[in-house]
Amino acid sequence: MALTDLPMFQALRQKMQWHQQRQGVLAENVANADTPGYRSKDLKDLSFGDMVQAEAGAGALRPVATNAGHITSGGISAGVGTKVSKASSFERTPDGNSVVLEEQMMKIAENQIDYQTATSLYTRSLGMFKTALRR
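With positions in the sequence shown counted from 1, the corresponding number in the numbering used here is that position plus 11.
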């Protein structure tokens, strides 16, 4: 089993892929800012709880209560997905376009920061494992 096959690394990889897909959707919104009738889109948020539930359903990751004081793991909703959904926007141009460039640029910047954070976590986690294995 490779280090990158661990559930933690798979979750980080999935998060980075989600951010890459979102960047594409947001770039499409900016590219269609002048297209009549175009409505801005965004991806459904990727939920960590949904990712844990999907892994637990597959049998790869299961929380175990080894003490009576541990919290149980019930009530997490299933259904991990990256579905494109229409973004609600209060501004529309006379031709029906709902893309607000300032809003899209803020989302792009936020997405970039989140992607860099996930990449940094992935890199540092790999570094910690490599350091631990050297000793």
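Think of the CB as a built atom: it goes at the ideal place given N, C-alpha and C, for glycine as much as any other residue.
- In the three-state reduction of the DSSP assignment, residue 118 falls in the helix class.
- With 16 or more other CB atoms across the displayed protein chains lying within 10 angstroms of its CB, residue 51 is buried.
- Secondary structure of residue 54 (DSSP, three-state): strand.
- For residue 42, the three-state secondary structure derived from DSSP is helix.
- Shortest Cα-Cα distance from residue 61 to any of 22, 34 and 54 involves 22.
- Here residue 49 carries a coil assignment [DSSP, helix/strand/coil].
- Using a 10 angstroms sphere on the CB of residue 112, the tally of other CB atoms stays under 16, which defines it as exposed.
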